[in-house]
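Number of protein chains: 2
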Amino acid sequence: MSKLVIVGTVAFDAIETPFGKTDKILGGAATFIGLAASQCNADGAIVSVVGGDFPEEYIALLKNHDLDVSGLEVIKEGKTFFWSGKYHNDMNTRDTLVTELNVLENFDPKVPENYQDAEVVMLGNLHPAVQLGVIEQMKAPKLVVLDTMNFWMDHTLDLLKEVISKVDVITINDEEARQLTGEYSLVTASKKIMEMGPAYVVIKKGEHGALLFHKDEIFFAPALPLEEVFDPTGAGDTFAGGFAGYLAKSGDFSFENMKNAIIYGSALASFCVEKFGTERLVGLSKKEVHKRLQQFQQLTQFDIELE
Amino acid sequence: MSKLVIVGTVAFDAIETPFGKTDKILGGAATFIGLAASQCNADGAIVSVVGGDFPEEYIALLKNHDLDVSGLEVIKEGKTFFWSGKYHNDMNTRDTLVTELNVLENFDPKVPENYQDAEVVMLGNLHPAVQLGVIEQMKAPKLVVLDTMNFWMDHTLDLLKEVISKVDVITINDEEARQLTGEYSLVTASKKIMEMGPAYVVIKKGEHGALLFHKDEIFFAPALPLEEVFDPTGAGDTFAGGFAGYLAKSGDFSFENMKNAIIYGSALASFCVEKFGTERLVGLSKKEVHKRLQQFQQLTQFDIELE
Numbered sequence: 004m005s006k007l008v009i010v011g012t013v014a015f016d017a018i019e020t021p022f023g024k025t026d027k028i029l030g031g032a033a034t035f036i037g038l039a040a041s042q043c044n045a046d047g048a049i050v051s052v053v054g055g056d057f058p059e060e061y062i063a064l065l066k067n068h069d070l071d072v073s074g075l076e077v078i079k080e081g082k083t084f085f086w087s088g089k090y091h092n093d094m095n096t097r098d099t100l101v102t103e104l105n106v107l108e109n110f111d112p113k114v115p116e117n118y119q120d121a122e123v124v125m126l127g128n129l130h131p132a133v134q135l136g137v138i139e140q141m142k143a144p145k146l147v148v149l150d151t152m153n154f155w156m157d158h159t160l161d162l163l164k165e166v167i168s169k170v171d172v173i174t175i176n177d178e179e180a181r182q183l184t185g186e187y188s189l190v191t192a193s194k195k196i197m198e199m200g201p202a203y204v205v206i207k208k209g210e211h212g213a214l215l216f217h218k219d220e221i222f223f224a225p226a227l228p229l230e231e232v233f234d235p236t237g238a239g240d241t242f243a244g245g246f247a248g249y250l251a252k253s254g255d256f257s258f259e260n261m262k263n264a265i266i267y268g269s270a271l272a273s274f275c276v277e278k279f280g281t282e283r284l285v286g287l288s289k290k291e292v293h294k295r296l297q298q299f300q301q302l303t304q305f306d307i308e309l310e
Numbered sequence: 004m005s006k007l008v009i010v011g012t013v014a015f016d017a018i019e020t021p022f023g024k025t026d027k028i029l030g031g032a033a034t035f036i037g038l039a040a041s042q043c044n045a046d047g048a049i050v051s052v053v054g055g056d057f058p059e060e061y062i063a064l065l066k067n068h069d070l071d072v073s074g075l076e077v078i079k080e081g082k083t084f085f086w087s088g089k090y091h092n093d094m095n096t097r098d099t100l101v102t103e104l105n106v107l108e109n110f111d112p113k114v115p116e117n118y119q120d121a122e123v124v125m126l127g128n129l130h131p132a133v134q135l136g137v138i139e140q141m142k143a144p145k146l147v148v149l150d151t152m153n154f155w156m157d158h159t160l161d162l163l164k165e166v167i168s169k170v171d172v173i174t175i176n177d178e179e180a181r182q183l184t185g186e187y188s189l190v191t192a193s194k195k196i197m198e199m200g201p202a203y204v205v206i207k208k209g210e211h212g213a214l215l216f217h218k219d220e221i222f223f224a225p226a227l228p229l230e231e232v233f234d235p236t237g238a239g240d241t242f243a244g245g246f247a248g249y250l251a252k253s254g255d256f257s258f259e260n261m262k263n264a265i266i267y268g269s270a271l272a273s274f275c276v277e278k279f280g281t282e283r284l285v286g287l288s289k290k291e292v293h294k295r296l297q298q299f300q301q302l303t304q305f306d307i308e309l310e
């Protein structure tokens with residue numbers, strides 16, 4: 004088993020969907036990534052920052068999921084990052100209502116010493132300067148996975164490109180891949196992104212699944228068709244966490260095993276959207292995950308006879 | 004091997020895409036369905052109508068693909084159905100420029116006597132009254148597959164619903180499934196459609212693949228990710244033709260074999276869009292299809308170890 008360093012936000016979210024709304028609940032990219040990675044018993048450490056207003060019980064929750072939190076800085080006099088958003092009826096688009104950076108504004112990440120030799124690094128979505136800071140603290144990572152979004156393309160493109168040049172895998176959604184490359188075809192876009200650095204490109208298409216590209220090879224994982232998506236918040240992070248966690252746990256970073264990691268991430272993401280925030284991921288049982296993976300097999304595996 | 008009756012348009016198409024435009028070329032739902040079905044050596048017969056302006060060489064082309072054309076009526080004094088369309092830059096939407104029904108207006112389909120005992124019927128997209136006329140001529144079909152579109156929902160909904168109540172499989176695109184049922188979720192929509200008659204519902208999502216529903220089971224086939232879609236005309240018909248042809252050839256109408264049929268149809272559709280009209284399907288070799296099916300295996304098959 005490989006160690007896994009997770010950097011990203013640990014935050015409060017307030018969410019409104021057609022099904023209801025929440026007060027401030029536990030959220031943040033590193034939270035979803037960590038909870039997902041814990042499902043496959045990866046040895047994960049969270050590198051992030053929260054304020055004095057962050058409840059002890061949330062930290063206990065992360066610890067209970069076997070996540071190392073010695074790299075989770077608590078700034079007593081500061082306030083925790085807060086995001087609030089409202090989803091439209093189609094659940095594919097949302098408006099951000101509030102973004103309060105708070106302690107995140109001057110975040111200087113510190114990777115715990117006993118995780119600086121980790122083989123796998125998962126850079127969750129936040130400022131590219133922070134992601135870069137984490138990469139620089141790692142001794143000899145074998146697999147660095149980057150998640151990012153259009154906000155950083157709009158505001159800190161040069162810095163983001165520097166991060167992209169240093170990672171092995173990038174996960175990005177379809178519109179962002181098009182924005183980053185100016186190419187409509189995702190096949191062409193993925194090739195351009197590979198030229199920027201990453202040997203592996205994962206393009207997330209939400210309800211339309213995810214594509215994994217490597218050299219001339221392509222793998223596709225569908226999203227599980229659902230009667231109802233309750234809250235999409237954190238689904239992309241959960242996918243990335245399941246992906247990185249699966250790879251860290253197995254220690255096999257081949258393209259063939261990445262296929263399994265993509266399916267694992269997709270399975271966990273399909274749970275995430277069933278309830279608000281982290282509610283469905285917390286205490287998710289191995290048996291439930293096992294059954295969901297079987298559903299993915301049923302959904303995608305066939306046995307055509309090639310003459 | 005089962006016999007396959009194919010009803011649908013045999014037509015002239017004039018197509019404009021960002022890559023170029025054509026004069027009147029061979030088109031029509033039954034044409035694409037027939038060419039696709041011929042790939043798997045199904046014993047197919049085309050039931051359709053053309054005018055005196057329809058070239059002998061096109062009829063010879065269908066015959067050369069082992070299609071029975073004794074049910075292809077030629078009305079000497081009439082003109083062949085003509086459709087002209089222009090695709091937008093994203094290739095997902097198009098404007099119809101011209102629709103001339105011509106001989107199709109009073110089409111009274113006649114299934115050749117030696118195909119009235121066929122096990123499989125593929126009702127290509129055209130007026131529901133014609134589709135109904137074909138169903139009534141069949142003695143004891145084991146599998147009736149229906150393809151249709153929103154035009155008939157808008158104009159002849161009651162008649163279309165009568166056809167839907169009599170078929171085993173319906174293929175329909177995602178927006179049409181939503182229009183027909185008033186449901187946004189495709190899972191919920193498929194359940195409502197199954198209540199209308201068909202035991203199997205295939206929802207086509209274009210570049211996002213296709214879903215097969217039966218009772219509580221779901222299968223998903225992706226579209227092959229392509230650098231460039233040259234001309235989408237006929238892709239849906241080719242998919243349906245590959246699907247019905249595969250089932251007719253194998254004589255196995257189980258859900259598990261329908262998975263293979265969906266993959267087969269998807270593979271043929273991925274060829275169709277590479278050139279204008281039927282150009283890529285004509286003379287497509289078994290070897291090419293075999294290689295494409297292997298690509299679909301690479302694209303979708305994984306080997307995750309379930310603990």
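As they're listed, the protein sequences go chains A and B. Positions in the first sequence are counted from 1; adding 3 to them yields the numbering used here. Positions in the second sequence are counted from 1; adding 3 to them yields the numbering used here. Even glycine gets a Cβ: it sits at the ideal position worked out from N, Cα and C.
Start and end of the beta strand (DSSP E) containing residue i?
| i | result |
| --- | --- |
| Lys89 (chain B) | Phe85 to Tyr90 |
| Glu198 (chain A) | Unbroken run through Glu198 (chain A) is the alpha helix (DSSP H), Leu189 to Glu198; no beta strand (DSSP E). |
| Asn67 (chain B) | Element bounds for Asn67 (chain B): not the beta strand (DSSP E) but the alpha helix (DSSP H), Glu59 to Asn67. |
| Lys6 (chain A) | Lys6 to Val10 |
| Phe223 (chain A) | Glu220 to Ala224 |
| Val53 (chain A) | Asp46 to Gly54 |
| Thr99 (chain A) | Arg97 to Glu103 |
For residue i, does the count of other Cβ atoms within 10 angstroms reach 16, so buried, or fall short, so exposed?
| i | result |
| --- | --- |
| Ala272 (chain A) | buried |
| Asn105 (chain B) | buried |
| Ala251 (chain B) | buried |
| Gly55 (chain A) | exposed |
| Asn92 (chain A) | exposed |
| Asn128 (chain B) | buried |
| Asp71 (chain B) | buried |
Nearest by alpha-carbon distance to residue i: which of the options is it?
| i | options | result |
| --- | --- | --- |
| Thr25 (chain B) | B:Gly31, B:Phe15 and B:Ala32 | B:Phe15 |
| Phe216 (chain B) | B:Glu259, B:Gln42 and B:Asn117 | B:Glu259 |
| Phe57 (chain A) | A:Lys27, A:Ala226 and A:Glu198 | A:Lys27 |
| Glu179 (chain B) | B:Leu163, B:Asp171, B:Lys169 and B:Val170 | B:Leu163 |
| Gly47 (chain A) | A:Ile265, A:Pro115, A:Pro131 and A:Gly185 | A:Pro115 |
| Phe84 (chain A) | A:Glu76, A:Tyr90 and A:His91 | A:Glu76 |
| Glu198 (chain A) | A:Glu210, A:Arg181, A:Gln182 and A:Lys218 | A:Lys218 |
| Gly74 (chain B) | B:Lys82, B:Glu103, B:Phe110 and B:Ala45 | B:Phe110 |
| Glu80 (chain A) | A:Trp155, A:Trp86, A:Ile18 and A:Leu107 | A:Leu107 |
| Glu231 (chain A) | B:Val72, B:Ala192, B:Thr281 and B:Asp161 | B:Ala192 |
| Met94 (chain A) | B:Lys194, B:Ser188 and B:Arg283 | B:Ser188 |
| Gly268 (chain A) | A:Arg283, A:Leu296, A:Glu291 and A:Gly286 | A:Leu296 |
| Val190 (chain B) | A:Val190, A:Ser51 and A:Glu210 | A:Glu210 |
So residue i is in the alpha helix (DSSP H); what residue range does that whole segment cover?
| i | result |
| --- | --- |
| His211 (chain B) | Here His211 (chain B) belongs to no alpha helix (DSSP H), and DSSP marks it neither H nor E. |
| Asp157 (chain A) | Asn153 to His158 |
| Ile175 (chain A) | Here Ile175 (chain A) belongs to no alpha helix (DSSP H); instead the beta strand (DSSP E) covers Val172 to Asn176. |
| Arg295 (chain A) | Lys289 to Thr303 |
| Lys262 (chain A) | Phe258 to Cys275 |
| Glu139 (chain B) | Pro131 to Gln140 |
| Thr241 (chain B) | Ala238 to Ser253 |
For residue i versus residue j, is the C-beta distance shorter than 8 Å?
| i | j | result |
| --- | --- | --- |
| Val205 (chain A) | Ile167 (chain A) | no |
| Ala32 (chain B) | Gly11 (chain B) | yes |
| Ile221 (chain B) | Leu229 (chain B) | no |
| Asp234 (chain B) | Phe305 (chain B) | no |
| Tyr118 (chain B) | Lys289 (chain B) | no |
| Asn263 (chain A) | Ile307 (chain B) | yes |
| Lys208 (chain B) | Asp157 (chain B) | no |
| Ala247 (chain A) | Val148 (chain A) | yes |
| Ala226 (chain A) | Gly212 (chain A) | yes |
| Gly30 (chain A) | Thr236 (chain A) | yes |
| Met99 (chain A) | Gly88 (chain A) | Before going on, a small fix: residue 99 (chain A) reads as Thr here, not Met. The answer is yes: Cβ separation under 8 Å. |
| Val13 (chain A) | Val53 (chain A) | yes |
| Glu165 (chain B) | Leu146 (chain B) | no |
| Ala224 (chain A) | Ile266 (chain A) | yes |
| Val8 (chain A) | Met141 (chain A) | yes |
| Tyr90 (chain A) | Thr151 (chain A) | no |
Hey, would you say the C-beta of residue i is under 7 Å away from at least one heavy atom of the ligand ADP?
| i | result |
| --- | --- |
| Tyr118 (chain A) | With respect to small molecules bound, the structure shown includes none, and the ligand ADP cannot be examined in it. |
Are the segment 119–132 of chain B and the segment 60–76 of chain B in contact at 8 Å, needing three or more beta carbon pairs?
no
With three or more beta-carbon pairs closer than 8 Å as the criterion, would you say the segment 293–301 of chain A touches the segment 22–36 of chain B?
no
Should the segment 263–277 of chain B be regarded as contacting the segment 229–242 of chain B, the criterion being three or more beta carbon pairs within less than 8 Å?
yes
Under 8 Å, CB to CB, which of the residues in the segment 241–262 of chain A have a partner in chain D?
Included in the structure are the protein chains A and B, with no chain D among them.
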